[in-house]
Structures are given as structure tokens and as C-alpha cells.
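S.K.: There's a structure below that I have some questions on.
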Amino acid sequence: MKKIFPASRLYLILFCISLFVSILYGCTSEPPFSKTPPEDVTRRMDRDQMLWQMGITIPDLPLRLEYPNAPKNAFPSDSLNPEGNWTDDYGHTIVRSSWGLWNNYDDTEEGLFPGPNPERLGDYTPIDLLKMNNGNEVKTVEDWWEKRRPEILNDVQEHLYGKFPSKELLPEVTFTVTTTKGGRGNSAYIQKEITGKIDISGYPEVRDKPLIEAILRIPASAKGPVPVIVGFGGSPERLWRLANEHGWGACSFNPNSIQPDNGIGLTSYLIGLVNKGNWRKPDDWGSIGAWSWGISRLLDYFETDDNVNEKAVGLTGHSRYGKATLYTMATEPRLAIAFPSDGGSLGTAINRRHWGQDLENSTWENEYHWMAGNFFKWAGELVPGQYLPRKIEECPVDAHSLLALCAPRPLLLNGGNGSSWTDPYGQYLTTKYATPVYEFLGVKGIVMPDPKPIIDVGYIEGGLAYRYHNGGHTDAPEWPTFFEFAAKFIDAPTLSVSDNIIILGKNGGSEQITISANTDWDFNNTADWVNVARSSENSELLNITASPNNSDKGKSANVIIESEGHKINIHIYQATINPVLTTSLSEFTLSGKEDSQANIIIASNTAWKVESEENWLSFDVIAGVNQQEISIKAIANPQVEKRSGTVILSGLGLDVWNVTITQEEGEPTLRLFSNSVNLGADEGTNNSVFVVTNTSPTITSSADWISGEVTSGGRFSRLNVNYLENNTGANRKAKLSIKVNGLDPQTIEVTQTAK
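Structure below.
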């Protein structure tokens, strides 16, 4: 063989390097993603495109069982699937993020994050809210409003939530309102279905048209504008029940009609409209920002509605909507008060505590869409090869920064002792660390007389409030505390009566009504056969007495109770001699759709009432006298099978009259909370996909090594994915197709690692 001299060897090396670079360039000169998003874009594709834009690569991690930083007290939840979630003896959810960070629940010196301070911030540089980024202290109120607050807002948006688009890029909104009435007695309301049509002329090709949808209920007894609590998502009925007794209106806001809660929609709906269908840029807003914009537009409408006190609008949301509530409160100064419930990481809990859910957990394809792409840069090790601290050390803002942006307006935060994932103590700490800003602006922050929050005690003395309840991930225990807290800042006159329907016999008689009000009240009687007087023993009691009815027709009268801002009618009905009661129908059928209804005629000459034990039925009239037509309405049937119920009509001294109602089957539903599953190599079962359906789905598989079934759990179920061991030597993929009659099938992409 010919000897290669050193110079020749050098040239050969240079040639090889040149050839390698050429090959590498040739392989990478074409970007791995299309210039514009495809119609079948997936959430993982969208997330990975953002990471590619930013030059971020998810690290290759060793198997969980071989990982040196795995918590010593943790073990796989499923011994056959160690690559799935882990847990500990306390039942905590322990996940390893894609960047290698394990969830932590240990405050001891020997724990995963050593340090005697249970706040565990010693490894991180504190963020001083009253010191500007250049190191100068905030010395005056003007410094705060003109310098420091804008600085924090810019950092919050640039590094976490994304920038709002410029005004010229944002669409106009035109509102239409449909007004109806509902409820009865103290719960009677005026309902307004609010629809905001969003102008799409800037990009008519948008794949899905965004829309603002809200349902507003105002107390029917209100004589002027009332405070309103707006809730992210959920049922208007629940929020109305909570708010009404305190003199508030309630508004249920649908965030998903503006921007859905998934990554697939980021190239469509509002964000896609503004971006003209293109991929997001790293500092563009995410779903939380779009939802916040929608709330601001709803406030625009409130300013035109005479029933709403636009200076007394509150906002609430739970879990991910708790995050959205806090961010919206921070960026929308017209909101008067907020209750961001159990928002946890990227919301109401200090991210740097690394307790429970962490920022790094939200980088997966089911949550990243909440945030700007820039938030990815805070995931991972700050120093390569060193587990702690994480990159979030260099993030200039944290949860208390968001609270500072809300100052001096009041907020209530909460947590539960059964919800460690959202870090209830860390949420209290957020109020503690934001308190200096509230005090700087002349308002008390959190007032905490105890060494740490005590279970089921509401700390509401200051402008920042906190309650730590006995229970799990819920907002329910805090609602009485919220309205008690809100009453310190927002005036809401209340008026209620113990009963607003009274039925008396033909011989007359008397009844007592209890009046509850936080302002003075008076009454007005409209009939001479009824005597009304306050009780001499109790000023909150009203005595109502009627004389005998000797006519052949039933009688009716109204007693009107009035207080500041409210008016309630008490309806009085009296029976007659020789009473008669029948109806035009004894049975009928309603459709399974929402608000299906039928009318029946009550043929009578006396006083009567209408009742049913079925909570899916309602009536426009529940009592009356003589002949009258009433409307019976049903909510949508949630099941794909018929159901029936009975409406009971009764009068004093008469046999009851039963009307049988049958409702047809409801529309089928199917919703998956994830479209992808990652499996370990060993044989096992994965049940990580949450399913909402009202029928029995059919599941087919593209491969014989995998199958699926939906567990029986009623409307809320889980998909069990059963799979065989992968001994092929390579990762493999398959698809599960889930179908219910009447709907398009949905597909889950399954990836299994090699043995």
C-alpha cells in the first residue's frame, strides 16, 4: 500500500470534513416543517415546529429506572410500565419532564431539593418586585406605574404568555344579544345570550371562525345595575346559583369558541386569524392570551349594558382557567376583583419552588399551547450536567409578578390539602411575596396572623386573600369566602324571601314569610282580600292573611317587596268552592335536543301548582288559578337512550293529575383529552387518555400488537390501551380509531419504544 505522507493526510482529512459538511448541509438545508401549517396539523407537530424555530432540542434521557436524579422515595405507578408516571407512598403524581426534572413533594433537608427553608428558594436569585431591572429601587408611586409595572408586564408577556398583537391586526367585534327570562322566586333572572361576531375580513380563509359566546344572568328583582362575576367555562346554572343570593349577576364565558384548548387550533380560530394561518412566532400569544382578549371584548359589551355595573365586574376560573383568570386580571385594568382558583404552575404558584406541577410539565403537547413559544427556553438545566438550578433561574418574573400587576385590586387565592400537584403552600407564598407591592400602593396585602395557613380558615383582612381547604382540586369550598371578601370592596344590595308562592284554601288563613335583606325594605299589597303586616315579634317576618273565598273562581294577588336595587313579587293564590282540575294532555314526547318544549292547557276553576322530581324538566309557571296554558321545557338528553318523567298537577282538596313525559335520545358525544400515547417496551396496559362519551364506542386498531377499550365510567371514562411486548428491536407505531354512531371517528397515535 502506498504510504500517505503527513501533508497528504491533512488534505485527506480536510476533504472528508468538507464532504461531511456538504452532506450535512444537503440533509438540513430543507426545513423539517412545511412553510405553512398543513390542514391535518397535529398538536405535536405544532409544538415541535416551535421548538425547531427556537433551535431547542428535547434531550435524550436515560430510562427512568436508570436515571440518577429519580426521587429516592418514588416508584413506577405501573410496575410493568416504568416509563409511565411514578408515585410514592402518599399517592402523589410524579412525572419526569421531557427535560429530566422530576416532580417533587419533599421539603426536608434530605429531600430532592435540600434546604431547611420550606419555601425552598435558596438556590434561586430572589425577584424583587420593587427593584427595576437596572437595579434602581422603586421610590415613588409614579416610579411603579410609569416604570416598574410596565417593565414587569413586558417581561411577563415576552418570556411567558406572549405579546398581544398590535391594535391594527386585531379584528373588530359586533355583538348581538338574545334576551329571555327564567328561574322562579328568589332565583328568577333575566338571561342574555351574548354573541360577539369577530370580523374575519383580514383573513377570510381562516379554517375555523372564532366567536365570542357568553350567557349573562341578572337578578329579575334588580332595579339597577348589579355587580357581575364572569366565569371561564362551566355551566351558567352553577355560577348563577352561587352569585344570585349575594346580589350579583353571573356570566358564563366560553373560551373555546375563541381559541380551543389544544395546540391544533393555534393555526386557526383567533390566533390563526391574526397570523393569517401561519405558524406562531416565539413571542406570539397562546390560548391564555386569546382567552384574555375575549374577556376584554366582553367588558366592552358590559359598558353598553344598563343591567351591569361595569365598575364591579369580577373574574374567576379554576385550574387552567385559574391561570387564565390571573393573567387576564393582570392585563385588564377594568376588572375589579378576581378569584383565580388553584391555578398552580404558570399561574398562582411560585414556579421556582419546584413543588408538584412544574413549568417543565407544561411543555408537552397537551399544555404548551397556553403559553408563548418563548416559555420553552426556561425548561432544562441551567448548567449542562448539573440537575439544579434549572434555567428558570434566569427568568425575570414568577407568579408573584402577576399578582403585582393586579395591585392594588383584590384577589382571592386558594388550595386544598388533597391537591399537592398545584402546590397549595406555594400559592399562599405568591400572596406573601406580592404583599410588598400592595403595601407600597397603600393597601394591605395578605394578612397572615398564623405561622402558616390553617385548614378551612379564610384570611381575608387584606387586599390579598387566601384559603386552604380540606379537600382536593376544587373551588367549591371557597365561594362563601369569596363573596364575604368581595363585600369589603363591592357594594351589592341583597333581597330574598323564604317563599314567593303561597296557596291558601277557600276558607282563607294566614302564612308567614321571612324577608332577608342587607338594606331597608318595604312592601305593597295589590288586593283588598289580603291583609299584609310586619310581625310585631320579628321585623324580618311578614304576616299574610286572606278572607274566605265564596266565589266559583280562584283568586290571585301579589305582594311586592322592595329594597334598594331589588323588587320581588310574592304570588298568592286562593282555592274556590267546588274545585275542578284537568289538563289537555296526559302524556307527550319531547325531542332530545336542548330546550325542547311542549305546551299544555290547565283547565281549572281553582288554585293549583305544578311540580316534578325530574331536574331536567322546568316550567314557565309553577302555580296559578283557573284556566291557563303552561310551557314544559327539557334540557338536552345527555344519554343516547330515551328517558321519562312525571309532572304532577295538584290543587287543595283534589286528586293529583299526572302528566307523563318521554324525551327522545340525545345526540352522541365523543371527546378525547389526548390524541397520542407513548408506551414502554414491556407488555402492559395504559389508561392515560381521558374520554368523555355518552354511548359505547367501537375501537379498531391498525396493528395486531395493540387494542383498546373504554372503561365503564358513565359519561367520564378512560381508554385502556392494551399492548404486547416490543421485541422487534425498533420503535413502532400504530393507530387506534374510536367511533360512535353519528360522529366522525377520532384517532389516537400510539408509539411504543423498543426493548
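Read in order, the letters of the sequence shown are residues 299 to 1053 in this note's numbering. Glycine included, C-beta positions come from ideal geometry on N, C-alpha and C. As the structure is a computational prediction, the values presented were derived from the model and not from experiment.
As a quick exercise: from 617, 575 and 423, pick the residue whose alpha carbon is nearest that of residue 692.
M.R.: Minimum Cα distance to residue 692 is reached at 423.
S.K.: Look at the alpha carbon of residue 528 and the alpha carbon of residue 709, and state the distance between them as a whole number of angstroms.
M.R.: Whole-angstrom Cα-Cα distance: 14 Å.
S.K.: For the region 582–643, which segments carrying the beta strand (DSSP E) assignment without a break, of at least 3 residues, lie completely within its bounds, in sequence order?
M.R.: Counting only runs of 3 or more, we get 606–616 and 635–639.
S.K.: What residues are listed by DSSP as bridge partners for residue 767?
M.R.: Beta-bridge pairing links residue 767 to 714.
S.K.: Under a Cβ-count criterion, where at least 16 other Cβ atoms within 10 Å of its own Cβ denotes burial, should residue 625 be classed as buried or exposed?
M.R.: With 16 or more other Cβ atoms within 10 Å, it is buried.
S.K.: On the DSSP bridge assignment, give the partners of residue 869 in chain order.
M.R.: 799 and 856, per the DSSP bridge assignment.
S.K.: Would you call the CB atoms of residue 581 and residue 461 closer than 8 Å?
M.R.: Yes.
S.K.: Our contact map puts residue 980 next to residue 363 with C-beta atoms below 8 Å; I'd like the distance itself, whole angstroms only.
M.R.: About 11 Å; that fails the 8 Å criterion.
S.K.: In the DSSP assignment, what are the bridge partners of residue 956?
M.R.: DSSP lists 946 as partners of residue 956.
S.K.: Helix or strand or just coil, what does DSSP make of residue 483?
M.R.: Residue state, collapsed to three classes: helix.
S.K.: Residue ranges of each alpha helix (DSSP H) run of no fewer than 4 residues wholly in the region 656–716, ordered along the chain?
M.R.: Complete alpha helix (DSSP H) runs here, min 4: 697–704.
S.K.: By how many angstroms is the C-alpha of residue 332 removed from the C-alpha of residue 643?
M.R.: Taking the straight line joining both Cα atoms gives about 33 Å.
S.K.: Closest by CA to residue 339, which one among 482, 561, 616 and 386?
M.R.: The shortest Cα separation from residue 339 among 482, 561, 616 and 386 belongs to 561.
S.K.: Going by the beta-carbon positions, is the gap between residue 457 and residue 695 smaller than 8 Å?
M.R.: Their beta carbons are under 8 Å apart, which means residue 457 touches residue 695 by this criterion.
S.K.: With a CB to CB cut of under 8 Å and the five nearest residues on each side skipped, what residues in its chain are close to residue 839?
M.R.: Hits under 8 Å: 810, 811, 812, 813, 832 and 833.
S.K.: Classify residue 617: buried if its beta carbon has 16 or more other beta carbons within 10 angstroms, exposed otherwise.
M.R.: Residue 617 is buried by the Cβ-count criterion.
S.K.: Using 8 Å as the threshold, is the C-beta distance between residue 793 and residue 825 below it?
M.R.: Against a cut-off of 8 Å, the Cβ pair of residue 825 and residue 793 comes out as no contact.
S.K.: Where does residue 732 sit, in a helix, a strand or coil, going by DSSP?
M.R.: Residue 732: helix per DSSP, three-state reduction.
S.K.: Going by beta carbon distance, what residues of the same chain come within less than 6 Å of residue 589, once the five residues before and after it are set aside?
M.R.: Answer for residue 589: 553 and 622, listed in chain order.
S.K.: Would you mind stating whether residue 610 and residue 551 have Cβ atoms separated by less than 8 Å?
M.R.: Taking 8 Å as the Cβ cut-off, residue 610 and residue 551 do not qualify as a contacting pair.
S.K.: Would you mind reading off the limits of the alpha helix (DSSP H) that contains residue 779?
M.R.: From DSSP, the alpha helix (DSSP H) with residue 779 extends over 777–784.
S.K.: First and last residue of the beta strand (DSSP E) that includes residue 514?
M.R.: Unbroken beta strand (DSSP E) run through residue 514: 509–517.
S.K.: For residue 656, is the classification buried or exposed, using 16 other Cβ atoms within 10 angstroms of its Cβ as the cut-off for buried?
M.R.: Classification for residue 656: buried.
S.K.: If you pair each beta-carbon of the region 935–947 with each one of the region 906–915, do three or more pairs fall below 8 Å?
M.R.: Contact between the region 935–947 and the region 906–915 is present, because at least three Cβ pairs lie under 8 Å.
S.K.: Count the other CB atoms within 10 Å of the CB of residue 443; is the residue buried (16 or more) or exposed (fewer)?
M.R.: The residue in question, residue 443, is exposed, as its Cβ has fewer than 16 Cβ neighbours within 10 Å.
S.K.: Shortest alpha-carbon distance to residue 494 belongs to which of 451, 1043, 428 and 594?
M.R.: Among 451, 1043, 428 and 594, the Cα nearest to that of residue 494 is on 594.
S.K.: Using three-state DSSP, classify residue 528 as helix, strand or coil.
M.R.: Three-state DSSP puts residue 528 in a strand.
S.K.: If contacts are defined as beta-carbon pairs under 8 Å, then residue 634 and residue 612 qualify, I think. What distance do you get, rounded to the angstrom?
M.R.: Yes, they are in contact, since the Cβ atoms of residue 634 and residue 612 sit about 6 Å apart, within 8 Å.
S.K.: According to the neighbour-count rule (16 or more other Cβ atoms, all chains shown, within 10 Å of its Cβ), is residue 587 buried or exposed?
M.R.: Counting Cβ neighbours within 10 Å, residue 587 comes out buried, since at least 16 surround it.
S.K.: Is it buried or exposed for residue 672, if we count other Cβ within 10 angstroms and need 16 for buried?
M.R.: Looking at its Cβ environment, which holds 16 or more other Cβ atoms inside 10 Å, residue 672 is buried.
S.K.: Out of 373, 999, 957 and 962, point me to the one whose CA is closest to residue 936's CA.
M.R.: Nearest of 373, 999, 957 and 962 to residue 936, Cα basis: 962.
S.K.: The alpha helix (DSSP H) that contains residue 454, what's its start and end?
M.R.: Unbroken alpha helix (DSSP H) run through residue 454: 447–454.
S.K.: Would you list the one or two residues that DSSP bridges to residue 820?
M.R.: DSSP, once it has assigned bridges, lists 860 as partnering residue 820.
S.K.: Using three-state DSSP, classify residue 362 as helix, strand or coil.
M.R.: Helix at residue 362.
S.K.: Assuming contact is defined by CB atoms lying nearer than 8 Å, are residue 1016 and residue 988 in contact in what I supplied?
M.R.: A contact, by the Cβ cut-off of 8 Å.
S.K.: Enumerate in chain order the residues of its own chain whose CB-to-CB distance from residue 916 is below 7 Å, with the five nearest sequence positions on each side excluded.
M.R.: Answer for residue 916: 931, listed in chain order.
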